[in-house]
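**Student:** The structure is given below, and queries will be raised subsequently.
Protein chains in written order, with this note's numbering: chain R, 1 to 209; chain B, 1001 to 1216.
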């Protein structure tokens, strides 16, 4: 077990005992991958930050109920899933301080394609790259959840196969397989999208044929 | 997607492709062992396209990771800001909705709002009505404090328990609007008992606490 896992173990124990500083530290260590889980599961109309705030509240309210420290990651994941599912059923969490409907007719969030800006040279290329990146993410978010979740977790820096396996409660080989399949599906989607009439970006990660 | 493999390899093409795929994935994810890397280099020596495939996949993953990072960067701002103010109180049973309705009814009544919402069958709960000319000049918090004071004088209100935070919303001026539940521990005389479980160890609110409101 690495030094980070040992630190985690210690923090989790103290957090379970009510140590506020440990709870804060533990949350800071893990909030990014929790955010990736929220991103994978959240209802489209609800802000990620809102759900993440709810997860944080539930985390601090329930950490004392965690029976075993080693079950921390799947436990926290389950809390996250419950929050996301609850948000899908409840209207309370949709009462966000926005006045516009953030879903357009195609159920894509505004901002998924950058607003046209008169730009030249590097700025234009940056915008194209950003658009391509956003399209890639949007396509990743359409993958089946069994593949979407490990893929997004993998995108969180320093999330190893082992840690993803701990969070999802899956064998290492399954994590590896699902990641491979997720990326294969994504490449197929990108290829299919590239075949559709659109303005191609020089930065698109096109698949070699 | 498959990589092009020359037909005169020692291994079956599909097996080599599968192996190459597995090695590519591991290298992209920085999970490859030194043996994996050595094996990949060997395969790439025979099929140079593998290097380009690797580069493209790493780029693809980097782009996706960057996109995800931008989407979740707000996570860095989500901290446990509740601190010690939110203490959890173990109640073996949650007060049923009737108590909340009564409290809400009192609130409305004190504010001069709608009446008739105090729940039937509750006797002796309402404090002396203070609906005189100056009543509406008080703020809600002042009414609430007066309610607690009056309730304590009458032996009905024991005290206020820690509130429960439900939701926070950032505001444009940098402050936050919070939604929370107030909880008041008190006695009431009723004609028939509500359907709640039997209380065993009910923590009592500390008397003498007269905070302005929720403590966060």
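A virtual CB, placed ideally from N, CA and C, is assigned to each residue, including glycine. No experiment lies behind these values; they were computed from the predicted model shown.
Alpha carbon to alpha carbon, how far is residue 195 of chain R from residue 78 of chain R?
**Tutor:** 39 Å
**Student:** Taking C-alpha atoms, which residue in R:170, R:9, R:150, R:168 lies nearest to residue 67 of chain R?
**Tutor:** R:9
**Student:** According to DSSP, simplified to helix, strand and coil, what is residue 68 of chain R?
**Tutor:** coil
**Student:** Alpha carbons only, please: which of B:1038, B:1058, B:1164 is nearest the one belonging to residue 1180 of chain B?
**Tutor:** The shortest Cα separation from residue 1180 of chain B among B:1038, B:1058, B:1164 belongs to B:1164.
**Student:** What are the boundary residues of the beta strand (DSSP E) that residue 157 of chain R is part of?
**Tutor:** Premise fails: residue 157 of chain R is in no beta strand (DSSP E) and is neither H nor E.
**Student:** Between the beta-carbon of residue 212 of chain R and the beta-carbon of residue 169 of chain R, is there less than 8 Å?
**Tutor:** Since the first and last residues shown for chain R are 1 and 209, residue 212 of chain R lies out of range.
**Student:** Taking C-beta to C-beta, are residue 1075 of chain B and residue 31 of chain R nearer than 8 Å?
**Tutor:** yes
**Student:** Looking only at its chain, what residues have a beta carbon closer than 8 Å to the beta carbon of residue 139 of chain R, apart from the 5 residues adjacent to it on each side?
**Tutor:** 186, 189, 190, 193
**Student:** For residue 15 of chain R, does the three-state DSSP call read helix, strand or coil?
**Tutor:** helix
**Student:** Exposed or buried, residue 1151 of chain B, counting other C-beta atoms within 10 Å across all chains shown (16 or more means buried)?
**Tutor:** buried
**Student:** Identify whether residue 1184 of chain B lies in helix, strand or coil by the three-state DSSP scheme.
**Tutor:** strand
**Student:** Along the alpha helix (DSSP H) that carries residue 1045 of chain B, what are the first and last residues, could you check?
**Tutor:** 1034-1046
**Student:** Under 8 Å between C-beta atoms, does residue 60 of chain R make it to chain B?
**Tutor:** yes
**Student:** In its own chain, which residues sit with a C-beta less than 7 Å from the C-beta of residue 1168 of chain B, not counting the 5 before and 5 after it?
**Tutor:** 1176, 1178
**Student:** Between which two residues does the alpha helix (DSSP H) containing residue 174 of chain R stretch?
**Tutor:** 172-195
**Student:** What do you get for residue 1187 of chain B, buried or exposed, if any count of 16 or more other CB atoms within 10 angstroms of its CB means buried?
**Tutor:** When all chains shown are included, residue 1187 of chain B counts as exposed.
**Student:** In chain order, what residues of the region 1059-1070 of chain B put their CB closer than 9 Å to some CB of chain R?
**Tutor:** 1059, 1060, 1061, 1063, 1064, 1065, 1066, 1067, 1068, 1069, 1070
**Student:** Name, please, each residue of chain R whose Cβ falls closer than 9 Å to the Cβ of residue 1188 of chain B.
**Tutor:** In chain order: nothing, as chain R lies at least about 28 Å away.
**Student:** Keeping to the same chain, check which residues put their C-beta closer than 6 Å to that of residue 1040 of chain B; ignore five residues upstream and five downstream.
**Tutor:** 1023
**Student:** Restricting to Cα atoms, I'd like to know which of R:65, R:136, R:28 is closest to residue 155 of chain R.
**Tutor:** Closest option to residue 155 of chain R, Cα to Cα, is R:136.
**Student:** Considering only C-alpha positions, which residue in the set R:167, R:145, R:157 is nearest to residue 1066 of chain B?
**Tutor:** R:157
**Student:** Just how far apart, CA to CA, sit residue 16 of chain R and residue 22 of chain R?
**Tutor:** 9 Å
**Student:** What's the C-alpha gap between residue 81 of chain R and residue 38 of chain R?
**Tutor:** Answer to the nearest angstrom: the Cα atoms are 7 Å apart.
**Student:** Exposed or buried, what is residue 1141 of chain B when buried is set at 16 or more other beta-carbons lying within 10 Å of its beta-carbon?
**Tutor:** exposed
**Student:** Residue range of the alpha helix (DSSP H) that residue 42 of chain R falls in?
**Tutor:** Residue 42 of chain R -> no alpha helix (DSSP H), and no H or E assigned at all.
**Student:** Please check the pair residue 26 of chain R and residue 11 of chain R, which I expect to be a contact at CB under 8 Å, by giving their CB distance rounded to whole angstroms.
**Tutor:** 5 Å
**Student:** With distance defined between alpha-carbon atoms, name the residue in R:176, R:178, R:7, R:51 nearest to residue 72 of chain R.
**Tutor:** Looking at the Cα atoms, R:7 is the closest of the given residues.
**Student:** Between residue 1168 of chain B and chain R, is there a C-beta pair that is closer than 8 Å?
**Tutor:** yes
**Student:** Hey, residue 1185 of chain B and residue 1161 of chain B: beta-carbon distance below 8 Å or not?
**Tutor:** Cβ atoms of residue 1185 of chain B and residue 1161 of chain B: closer than 8 Å.
**Student:** Report the neighbours of residue 49 of chain R on chain A: residues whose CB is nearer than 7 Å to its CB, in chain order.
**Tutor:** The structure shown contains no chain A; its protein chains are R and B.
**Student:** Looking at chain B, is there any beta carbon in it that lies within less than 8 Å of the beta carbon of residue 161 of chain R?
**Tutor:** yes
**Student:** Here's the rule: buried if 16 or more other CB atoms are within 10 angstroms of the residue's CB, otherwise exposed. What is residue 123 of chain R?
**Tutor:** exposed
**Student:** Return the residues of the region 9-25 of chain R that lie within a Cβ-Cβ distance of less than 7 Å from chain B, sorted by chain order.
**Tutor:** If the cut-off is 7 Å between Cβ atoms, the region 9-25 of chain R has 20, 23, 24 near chain B.
**Student:** Rounding to the nearest angstrom, what Cα-Cα distance links residue 41 of chain R and residue 1143 of chain B in this structure?
**Tutor:** Each residue's Cα considered, the two are about 44 Å apart.
**Student:** Per DSSP, which residues does residue 1169 of chain B bridge with? Please list them.
**Tutor:** Paired residues: B:1177.
**Student:** Alpha helix (DSSP H) containing residue 48 of chain R: first to last residue?
**Tutor:** Segment 48-62, the alpha helix (DSSP H) holding residue 48 of chain R.
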